[in-house]
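Chemist: First to last, the sequence lines map onto chains A and B.
Start counting the first sequence at 1439; every next residue gets the next number (this note's numbering).
Start counting the second sequence at 1439; every next residue gets the next number (this note's numbering).
Ideal Cβ positions, reconstructed from N, Cα and C, are used throughout, including at glycine.
Sharing a structure, written as structure tokens. Questions coming.
Number of protein chains: 2
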Amino acid sequence: MRWDTLDREACSLSRTLAVIGDRWTLLVLRDAFLRVRRFEDFQASLGIARRVLTERLKLLVDEGVLKKVAYQERPVRYEYRLTEKGLGLYPALVALVHWGDAHYAGKKGPPLLHRHLTCGRDFRSVMTCSECGEAIDPREVKPHAGPGAKKRA
Amino acid sequence: MRWDTLDREACSLSRTLAVIGDRWTLLVLRDAFLRVRRFEDFQASLGIARRVLTERLKLLVDEGVLKKVAYQERPVRYEYRLTEKGLGLYPALVALVHWGDAHYAGKKGPPLLHRHLTCGRDFRSVMTCSECGEAIDPREVKPHAGPGAKKRA
DNA sequence: TTGACTAAGTTCACTTTCAAGACTTACTAG
DNA sequence: CTAGTAAGTCTTGAAAGTGAACTTAGTCAA
């Protein structure tokens, strides 16, 4: 399999990675969630080649994860904002952050905490079942083919 | 920033990506969660260069995400199994899958469904707050510096 | 008018990583 | 001995990232 054919796989993870799996993209999204909006600020935060950042931002805009929003008119200037589709990546992103917290924060502890404004507390993400509300244990999950599965030849 | 300095960032996402952010790694983990275990089977499923697969598996083993378990002795042969640490990536992985389902499954629907054995139903992942149990809306989360944050210069 | 500045890219030469495939190693069985 | 199995290792060329400079399209002040 080639990386550039991921979008054609009958696999949702592959299709997701076709959009957000390139080097640096998840860190671009991290910044977007932290309210970084402008090209120069993404570039300053990440310190990556401008060409790479341009490409990453373009794909995210093309796929509707980010949108370009004019923040001034003369001259016209744009910033990049998360769309609803982009916001939908939050659970995945915060799960990755919290996994890093759990295993790599060391003695100092997590560099960043997430306060749930609804209850006022710093939280850990817990993945629960949409149907019964229980926390999900991966050993209690059985994958099975769905309607979009590839037909057997 | 160079990709090979991610592990030194005071950022949990960067630290996570230093381990699982390389091209193909998340698909290796997908397969591990789907009970693929042997080198040849990973290779057949992914169709990637054996050298790349070797490197990815090695880093995952070195970092304790996968472990090598002998499945026979003569000759000794190993398979790769998820550790507890590796299982901890399930929420992130399934969130990415479900994001792909939501946006790229098209008319056919998701290729793979996840049955929660505890309640017997196919589920969507819902991220909830460890403290109050409510579903998390990213707009209701405020990030703030934690104990491991980088000191200001 | 010119020059300086700002923001967002685009281009280039070089380095690193992936892709494709062949080859190697260490066995076992016939 | 040969053939087969499993898990790598090695090689060459293509693709992607790195680091930095340059370009474009404005605006504003002197």
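Relative to the C-alpha of B/Leu1451, which candidate in A/Cys1557, A/Phe1480, A/Glu1517 and A/Leu1467 has its C-alpha closest?
Modeler: Answer by Cα proximity: A/Leu1467.
Chemist: Taking the alpha carbon of B/Met1439 as the reference point, which residue from A/Ile1486, A/Leu1495 and A/Glu1501 has its own alpha carbon closest?
Modeler: Per the Cα distances, A/Ile1486.
Chemist: Assuming B/Arg1475 contacts B/Tyr1518 (C-beta within less than 8 angstroms), just tell me the rounded distance between them.
Modeler: That pair is a contact at about 6 angstroms.
Chemist: In three-state terms, what does DSSP make of A/Val1507?
Modeler: DSSP places A/Val1507 in strand when its eight states are reduced to three.
Chemist: Less than 6 angstroms between C-beta atoms, sequence neighbours within five positions excluded: which residues of the same chain meet that for B/Glu1478?
Modeler: Hits under 6 angstroms: none found.
Chemist: Could you give the DSSP three-state label for A/Leu1527: helix, strand or coil?
Modeler: Of the three classes helix, strand and coil, the one that applies to A/Leu1527 here is coil, per DSSP.
Chemist: What is the C-beta distance between A/Phe1471 and B/Pro1576, in whole angstroms, given that I count them as a contact (C-beta under 8 angstroms)?
Modeler: Right, the Cβ-Cβ distance comes to about 7 angstroms (below 8 angstroms), so this counts as a contact.
Chemist: Exposed or buried, B/Tyr1509, counting other C-beta atoms within 10 Å across all chains shown (16 or more means buried)?
Modeler: It is exposed - the Cβ of B/Tyr1509 has fewer than 16 other Cβ atoms within 10 Å.
Chemist: Can A/Thr1556 and B/Cys1449 be called in contact, C-beta distance under 8 angstroms?
Modeler: No. Outside cutoff.
Chemist: Can a CB atom of chain B be found closer than 8 angstroms to the CB of A/Glu1522?
Modeler: Taking Cβ atoms only, chain B never reaches closer than 8 angstroms to A/Glu1522, which makes this a no.
Chemist: Could you pull out every residue in the same chain whose Cβ sits closer than 6 angstroms to the Cβ of B/Met1565, ignoring the five residues on either side in sequence?
Modeler: Excluding residues within five positions, the ones whose Cβ falls inside 6 angstroms are Ile1574.
Chemist: So, A/Ser1483 versus A/Pro1529, is the Cβ gap smaller than 8 angstroms?
Modeler: Contact flag unset, no.
Chemist: Can you find the residues in the same chain that come closer than 7 angstroms, C-beta to C-beta, to A/Leu1504, ignoring five residues on each side of it along the sequence?
Modeler: For A/Leu1504, where only same-chain residues beyond five positions count, the Cβ hits under 7 angstroms are Ala1470, Leu1495, Leu1498, Tyr1518, Arg1519, Leu1520, Thr1521 and Gly1524.
Chemist: Do the CB positions of B/Ala1456 and B/Leu1465 come within less than 8 angstroms of each other?
Modeler: No, the Cβ-Cβ distance between B/Ala1456 and B/Leu1465 is not below 8 angstroms.
Chemist: Between the C-alpha atoms of B/Leu1491 and A/Glu1493, what's the straight-line distance to the nearest angstrom?
Modeler: Those two C-alpha atoms are separated by around 26 angstroms.
Chemist: Whose C-beta lies closer than 8 angstroms to the C-beta of A/Pro1549 among residues of the same chain, with five residues either side of it excluded?
Modeler: Within the same chain, A/Pro1549 has close Cβ partners Ala1543.
Chemist: Whose Cβ in chain A lies nearer than 7 angstroms to the Cβ of B/Lys1546?
Modeler: Pro1585 and Gly1586, listed in chain order.
Chemist: In chain order, which continuous runs of the alpha helix (DSSP H) of length 4 or greater are located wholly inside the stretch 1454 to 1526 of chain A?
Modeler: 1463 to 1471, 1477 to 1484, 1488 to 1500 and 1522 to 1525, all fully within the stretch 1454 to 1526 of chain A.
Chemist: When you compare the CB positions of B/Arg1453 and A/Gly1538, do they come within less than 8 angstroms of one another, or not?
Modeler: For B/Arg1453 and A/Gly1538, yes; Cβs fall inside 8 angstroms.
Chemist: With DSSP collapsed to three states, give me the class of B/Asp1560.
Modeler: Looking at B/Asp1560 - three-state DSSP - the assignment turns out to be strand.
Chemist: Establish whether the CB of A/Arg1488 and some CB of chain B are separated by less than 8 angstroms.
Modeler: It does not: the Cβ of A/Arg1488 has no partner Cβ on chain B nearer than 8 angstroms.
Chemist: When you compare the CB positions of B/Arg1614 and A/Val1535, do they come within less than 8 angstroms of one another, or not?
Modeler: Any answer about residue 1614 of chain B is impossible in this case: the structure gives chain B only from 1439 up to 1591.
Chemist: Does A/Tyr1516 come within less than 8 angstroms of chain B when only Cβ atoms are used?
Modeler: No, its Cβ sits nowhere closer than 8 angstroms to a Cβ of chain B.
Chemist: Quick check on DSSP: helix, strand or coil for B/Leu1451?
Modeler: B/Leu1451: helix per DSSP, three-state reduction.
Chemist: Out of curiosity, what's the CA-to-CA distance linking A/Ala1540 and A/Arg1515?
Modeler: Taking the straight line from one Cα to the other gives about 40 angstroms.
Chemist: Can you give me the C-alpha to C-alpha distance between B/Pro1581 and B/Glu1572, rounded to a whole angstrom?
Modeler: Whole-angstrom Cα-Cα distance: 18 angstroms.
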